[in-house]
Each structure stands twice: as structure tokens, then as C-alpha cells.
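In my numbering, the protein residues as written are 203 to 320.
Worksheet for the structure shown next.
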């Protein structure tokens, strides 16, 4: 009885083992550049996150609904009215911005500055 149960779930167990191995390989060595931002994409995203994305004050929350001038939109218009370039998705920027804003409330470090993003 136990053997038939194992044989039925063999594919499921094999799939779970492969997913666990893939996850382990994916997260191993995440600190390959040791905070030096050697990869151009990583450096660009960190620069955009620290220079272009910020949470507005509570009195200026209406800015969030204007895509051309929203402080959380990395593609908002520059001072000349041209949209800024950002070729990546915004979810990592929003997560980083939310976490750094929350950390700024409970500590005295500026977690949204470029050196602290790492």
C-alpha cells in the first residue's frame, strides 16, 4: 500500500525536488558584487529609485493621480515635458520605496538614499 502511494506521487515529489533545487540555485550568491552595483541594470535601477521615486507628503497625495508628475512614476515628465526613460517594471521600485519609507519612520537613517539601497 505504501509503495503504490509513493509511486502515485513520484512525479509530484520529483517536481517539488526540482523546484527546491532551482530555488536554491536562484538565491545562492545574490551578493555577487558586494554592494558595488557593477551590473549596469542594477546601478540604473538603484539610481532611479533614489533620484526619481519618492513618497509625497500627506498634503500632496493628489499628485499620485497625475502620471505626468507623480513622484512615484519613474517615467514621469521631466522639466521640459518629455517623459523620462525607464525600461523596467515598477514593482521593485514600489516595494523598495514602501519599505524604505517605513524604515525612515522608525529610524534616523535615510533608507531611500543611494548608498542605503543595497
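Beta carbons are placed, not taken as given, at the ideal position from N, Cα and C, and that holds for glycine.
Since the model is a prediction, treat every value here as computed from it, not as a measurement.
- Query: What is the DSSP secondary structure of residue 235, counted as helix, strand or coil?
  - Reply: coil
- Item | Contact under 9 Å by Cβ, residue 298 with residue 314 | yes
- Query: What distance in whole Å lies between the Cβ atoms of residue 257 and residue 303, which are believed to be in contact at a cut-off of 8 Å?
  - Reply: 5 Å
- Is the segment 209-224 in contact with the segment 235-249, if contact means three or more CB pairs nearer than 8 Å? no
- Task: Give the range of the alpha helix (DSSP H) segment to which residue 228 is assigned.
- Result: 212-229
- Proximity of residue 254 and residue 278 at Cβ, strictly below 9 Å: yes
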